[in-house]
Amino acid sequence: DLSGSKLVADGRRSDENFYYKYYEGSYENYGAIINFIGADLAHADLRGSELIAKNSYGDATIDFSGANLTHADLSGSTLMASSSYSDGKASIDFSGASLVHADLSGSVLTARGNASATIDFSEASLINADLSSSFLTAGSSNGHATIDFTDADLASSDLSRWLPTAYGRKSSTIDGLGQRGQHISPL
63 DLSGSKLVAD GRRSDENFYY KYYEGSYENY GAIINFIGAD LAHADLRGSE
113 LIAKNSYGDA TIDFSGANLT HADLSGSTLM ASSSYSDGKA SIDFSGASLV
163 HADLSGSVLT ARGNASATID FSEASLINAD LSSSFLTAGS SNGHATIDFT
213 DADLASSDLS RWLPTAYGRK SSTIDGLGQR GQHISPL
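Residue numbers (our numbering): 63 to 249.
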């Protein structure tokens with residue numbers, strides 16, 4: 063039972079010679095990553111949990127790609143990936159994951175990156191999943207923002223009162239939903 067838990071990945075420079083490396087052209091991207099790739103989280107109780115990847119010096123990623131979240135309860139949870147670095151990318155990745163009968167009702171998924179922001183459910187199985195009253199927001203102040211449901215199976219999913227929103231300076235796309243998504247023009 064991980065309900066109400068909080069997990070934070072905070073990307074910080076650990077290199078004392080950062081100034082030298084940056085100005086010599088060998089800057090390294092210090093990523094903030096929460097990695098559940100391929101994890102078996104079937105029936106996991108993550109109600110009200112907070113998963114936060116934030117980074118001022120690189121990318122920020124929460125990755126559930128290929129994970130088994132069948133019957134998992136993420137209701138009321140907050141997943142936030144945020145990168146304020148100039149070339150920083152933020153992503154929340156559920157690509158290829160099994161979310162059959164998963165409960166994401168009332169959850170808030172936010173990806174905010176300077177260069178790009180992505181929430182990816184491509185090829186995920188969301189059969190009978192509950193996304194009611196959830197908020198999915200991908201935003202990029204200088205780049206591309208994408209929410210991707212390409213080839214996702216949404217059969218019998220509850221999408222009532224949900225709000226997927228993408229906004230990006232260069233482009234804003236919500237893929238794979240037909241008319242179900244909200245597109246906001248680039249800034």
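C-beta atoms are modelled at their ideal positions from N, C-alpha and C, and glycine is treated no differently. Given the structure is predicted, the values throughout are model-derived calculations rather than measurements.
Within the DSSP bridge table, the entry for residue 180 names 153 and 208 as partners. Put simply, the backbone Cα of residue 142 is about 8 Å away from that of residue 154. Here residue 229 carries a strand assignment [DSSP, helix/strand/coil]. For residue 143, the three-state secondary structure derived from DSSP is strand.
DSSP places residue 190 in no beta strand (DSSP E); its state is neither H nor E. The C-beta distance from residue 176 to residue 150 rounds to 5 Å, short enough to fall under 8 Å. Taken atom to atom, the span from the alpha-carbon of residue 63 to that of residue 107 is near 5 Å. Taking the Cα positions, residue 174 is about 11 Å away from residue 198.
As a beta-bridge residue in DSSP terms, residue 202 pairs with 175 and 230.
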